[in-house]
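**Student:** Read left to right, the sequence shown gives residues 15 to 80 (our numbering). Before I ask anything, here is the structure I am working with.
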Amino acid sequence: MSQFFKPGDTVIWAKRVSGDFCFPVKAPVLSTTAKRVKISAHDPDERGEGMVVRYVSPDSLYPEGS
Numbered sequence: 015m016s017q018f019f020k021p022g023d024t025v026i027w028a029k030r031v032s033g034d035f036c037f038p039v040k041a042p043v044l045s046t047t048a049k050r051v052k053i054s055a056h057d058p059d060e061r062g063e064g065m066v067v068r069y070v071s072p073d074s075l076y077p078e079g080s
């Protein structure tokens with residue numbers, strides 16, 4: 015499924031925070047592999063400020079505007 019995303023795309027990452035609760039995080043796609051998508055996002059749970067890099071399952075990503 016990661017083949018649907020390409021570097022430069024903007025996606026919404028449904029970050030699981032507790033149980034079935036997900037928090038939407040807007041992020042650009044940096045690269046893709048067969049099983050994961052590398053994104054750069056401001057993770058609200060991360061200590062400190064700034065962007066972080068995450069390798070996430072494509073099942074937790076949605077194209078922006080969908």
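Glycine is no exception: its CB is placed at the ideal position from the N, C-alpha and C atoms. Here the structure is a predicted model, which is why all the values come from computation and not from measurement.
1. From what residue to what residue does the beta strand (DSSP E) around Lys40 run?
2. I'd like to know whether the C-beta atoms of Pro38 and Thr24 end up nearer to each other than 9 angstroms.
3. Taking just the CA atoms, how far does Phe35 sit from Ser71?
4. List the residues that DSSP assigns as beta-bridge partners of Lys52.
5. Nearest by alpha-carbon distance to His56: which of Phe19, Ser45, Val66, Leu75 is it?
**Tutor:** Reading off the structure:
1. Residue mapping note: residue 40 aligns to position 26 of the sequence shown, counting from 1. Segment 35-46, the beta strand (DSSP E) holding Lys40.
2. Counting from one through the sequence shown, the residue named residue 38 turns up at place 24. Counting from one through the sequence shown, the residue named residue 24 turns up at place 10. Against a cut-off of 9 angstroms, the Cβ pair of Thr24 and Pro38 comes out as no contact.
3. Numbered from its first residue, the sequence shown carries residue 71 at position 57. Numbered from its first residue, the sequence shown carries residue 35 at position 21. Each residue's Cα considered, the two are about 17 angstroms apart.
4. The residue given as residue 52 occupies position 38 in the sequence shown. For Lys52, which the question treats as bridged, DSSP gives the partners Ser45, Tyr69.
5. Locating residue 56 in the sequence shown gives position 42, counting from the first residue. His56 has its Cα closest to that of Val66, out of Phe19, Ser45, Val66, Leu75.
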